[in-house]
Amino acid sequence: MTFEKIPYKIYLSEQEMPKAWYNVRADMKTKPAPLLNPGTGEAMGFEDLRPVFCNELICQELDNDTREIPIPAEIRDFYKMYRPSPLVRAYCLEEKLQTPAKIYYKFEGNNTSGSHKLNSAIAQAYYAKQQGLKGVTTETGAGQWGTALSMACAYLGLDCKVYMVKVSYEQKPFRREVMRTYGAAVTPSPSMETEIGKKILQEHPGTTGSLGCAISEAVEAAATNPGYRYVLGSVLNQVLLHQSIIGLETKAALDKYGVVPDIIIGCAGGGSNLGGLISPFMGEKLRGEKDYRIIAVEPASCPSFTRGRFAYDFCDTGMVCPLAKMYTLGSGFIPSANHAGGLRYHGMSPVLSQLYHDGYMEAVSVEQTKVFEAAEAFARVEGILPAPESSHAIRVAIDEAIKCKETGEEKTIVFGLTGTGYFDMVAYEKFHNGEMTDYIPTDAELQQSFDKLPQVPGLD
Ligand SMILES: *Cc1c(COP(=O)(O)O)cnc(C)c1O
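Residue 10 is where the sequence shown starts when you use this note's numbering, and the numbers rise one by one after that.
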């Protein structure tokens with residue numbers, strides 16, 4: 010069979026867009042471990058989660074068996090505003106690297122929020138609206154998730170309350186203003202608005218906050234305000250489910266041209282884009298139909314997969330959230346202050362953690378100066394200014410393509426380009442000025458954090 014030359018950009022038509030999300034848990038022999046109540050050590054069921062999360066989203070969170078979950082028509086219509094996202098053949102990068110490898114990337118930065126996070130934001134806001142809620146609360150670090158959620162809430166007429174990590178609130182005023190443009194109320198975290206915020210401020214006056222701490226505040230705000238629920242932009246099973254749209258579109262586009270990837274690469278913060286990108290491919294792998302090399306890329310300064318423990322841990326610093334079994338650096342772990350490359354979360358999606366633990370995927374960590382080198386090289390040939398997070402995947406895609414050059418292998422590499430970096434120019438500036446440094450935590454530092462992992466009643 011011969012195919013026409015593969016276009017620079019493979020788009021799907023509206024008719025070809027996926028009508029259902031794919032739930033990879035249905036094909037996992039070992040299911041991800043359940044969320045536990047930190048007080049009792051019992052698995053959390055629907056009723057336990059109801060005060061915090063939206064009902065339909067809890068059902069999705071707990072559903073380990075339904076393979077396909079229909080995407081409601083309203084969400085599919087919203088997706089049409091910015092999807093399908095292009096699958097780009099990186100001809101220019103291949104040329105520049107002089108590699109026989111064939112490189113593709115799925116670009117999720119084609120919407121105002123600038124990342125893949127909108128895929129789950131609209132789904133979560135939709136189910137909140139359906140339930141008749143007034144609004145949702147959340148945390149945001151760099152601001153992509155808060156922006157995505159603000160856009161989704163504005164579209165559906167929901168209130169949106171965002172606790173933004175204080176250091177980002179101060180350093181990224183433009184992100185903050187984008188969120189306010191879409192009607193969100195943005196509070197720097199830790200704040201005096203919540204009990205947990207007051208407590209953290211009392212114990213650590215002058216702290217610039219962390220994602221884990223902002224999560225604690227947002228959860229408290231949802232639990233104490235009638236008509237509000239908490240939503241989270243990564244880590245959870247439901248978020249991976251919504252993000253499966255990325256992988257389903259990627260697979261449909263590749264199938265159109267008979268392309269089968271050898272290696273699939275994605276950056277991993279909480280694991281949502283990677284989980285979504287690999288879902289349908291992982292499904293084939295789990296069912297024994299095909300094999301792929303799947304690589305998660307994380308920062309050397311926040312190496313949850315490569316140096317973390319597979320254990321039950323809190324999802325937040327304030328220890329108010331349920332316990333999740335995941336690769337974790339400990340909920341008190343905060344990456345070194347010089348780390349500018351994003352992906353700073355201490356834990357990892359329980360789904361990906363289980364798959365990694367069972368040997369279905371690999372993980373590598375990379376230093377941020379190497380990440381920004383790759384980002385710049387990519388921007389200069391492919392045009393897109395990548396987010397630092399996404400550039401972790403670019404780094405490893407380039408490394409794998411260079412290996413192909415050395416061995417002469419014509420491998421097909423697909424990576425996730427999760428977003429654009431327009432709001433990350435301070436980090437780029439540091440890189441250009443030669444002021445960016447790498448910091449790799451020592452074993453002793455990690456051990457200190459592991460020592461504080463919770464003892465789970467009934468498990469030890
Ligand atoms: C949030 C974000 C990530 C990391 O989150 P995951 O849940 O691991 O996907 C990666 N890239 C961009 C652009 C992001 O905004």
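Cβ coordinates follow ideal geometry from the N, Cα and C atoms, glycine included. Here the structure is a predicted model, which is why all the values come from computation and not from measurement.
With the cut-off set at 8 Å, would you say Ser124 and Ala396 are in Cβ contact? The count along the sequence shown starts at 1 and reaches residue 124 at position 115. The count along the sequence shown starts at 1 and reaches residue 396 at position 387. Cβ distance < 8 Å, so Ser124 and Ala396 count as in contact.
With three or more C-beta pairs closer than 8 Å as the rule, is the segment 244-259 touching the segment 160-167? With a cut-off of 8 Å on Cβ pairs, the segment 160-167 is not in contact with the segment 244-259, counting fewer than three such pairs.
Within a Cβ cutoff of 7 Å, which residues of the same chain sit near Lys265, ignoring the five residues on either side of it in sequence? Position 256 of the sequence shown, counted from the first residue, corresponds to residue 265. Hits under 7 Å: Ile19.
Does the pairing of the segment 331-344 with the segment 362-374 give three or more beta-carbon distances under 8 Å? Yes: at least three Cβ pairs fall under 8 Å.
For Lys14, which residues of its own chain have a beta-carbon under 8 Å away from its beta-carbon, when the five flanking residues on both sides are left out? The residue you call residue 14 lines up with position 5 of the sequence shown. None.
Taking contact to mean at least 3 C-beta pairs separated by less than 8 Å, is the segment 287-297 in contact with the segment 315-331? In this structure the segment 287-297 does not lie against the segment 315-331, because fewer than three pairs of beta carbons, one per stretch, are closer than 8 Å.
For Val390, does the three-state DSSP call read helix, strand or coil? Within the sequence shown, the letter at position 381 stands for residue 390. Secondary structure of Val390 (DSSP, three-state): helix.
Is the closest heavy atom of ligand 1 to the C-beta of Trp154 under 7 Å? As a first step, residue 154 must be located in the sequence shown, where it is residue number 145. Yes, ligand 1 has a heavy atom inside 7 Å of this Cβ.
Selected residue, minimal CA-CA separation from Gln133, among Pro93, Glu382 and Leu165: Taking the first residue of the sequence shown as 1, we reach residue 133 at position 124. Ranking Pro93, Glu382 and Leu165 by Cα distance to Gln133 puts Leu165 first.
Apart from the five residues just before and just after Leu45, which ones in its own chain have a Cβ nearer than 7 Å to its Cβ? The sequence position of residue 45 within the sequence shown is 36, counting from 1. These residues qualify, in order along the chain: Glu51, Ala52, Met53, Tyr321, Pro331, Leu332 and Val465.
Any heavy atom of ligand 1 inside 7 Å of the beta-carbon of Ser399? As a working note, residue 399 is residue 390 in the sequence shown. Yes, the beta carbon of Ser399 sits closer than 7 Å to at least one heavy atom of ligand 1.
Among Tyr301, Phe319, Pro199 and Tyr91, nearest to Met26 - alpha-carbon criterion: Taking the first residue of the sequence shown as position 1, residue 26 is located at position 17. It is Tyr91.
Within 10 Å of its beta-carbon, does Met10 have 16 or more other beta-carbons around it, so buried, or fewer, so exposed? As a first step, residue 10 is located in the sequence shown; it is residue number 1 there, counting from the start. With a pLDDT of 46 at Met10, under the threshold of 50, the predicted position of this residue should be treated as unreliable, and no value is reported.
Consider the C-beta atom of Leu338 and the heavy atoms of ligand 3; say whether any pair is separated by less than 7 Å. Of the ligands this structure carries, namely ligand 1, none is ligand 3.
From Asn234, Ser129, Gln180 and Glu186, pick the residue whose C-alpha is nearest to that of Gly280; which is it? For the purposes of this step, residue 280 is taken as the residue at position 271 of the sequence shown. Checking every option, the nearest Cα to that of Gly280 belongs to Ser129.
Could you give the distance in angstroms between the alpha-carbon of Ser310 and the alpha-carbon of Val373? Here residue 310 refers to the residue found at position 301 when the sequence shown is read from its first residue. Here residue 373 refers to the residue found at position 364 when the sequence shown is read from its first residue. Here the alpha carbon of Ser310 sits roughly 12 Å from the alpha carbon of Val373.
Does any heavy atom of ligand 1 sit closer than 7 Å to the C-beta of Thr427? Taking the sequence shown and counting its residues from 1, one reaches residue 427 at position 418. Judged by the Cβ position, Thr427 qualifies as a neighbour of ligand 1 at the 7 Å threshold, a heavy atom of the ligand being closer than this.
Own chain residues within Cβ distance below 7 Å of Asp367, not counting five before or after: Within the sequence shown, residue 367 is the residue found at index 358, counting from 1. Same-chain partners within the cutoff: Thr39.
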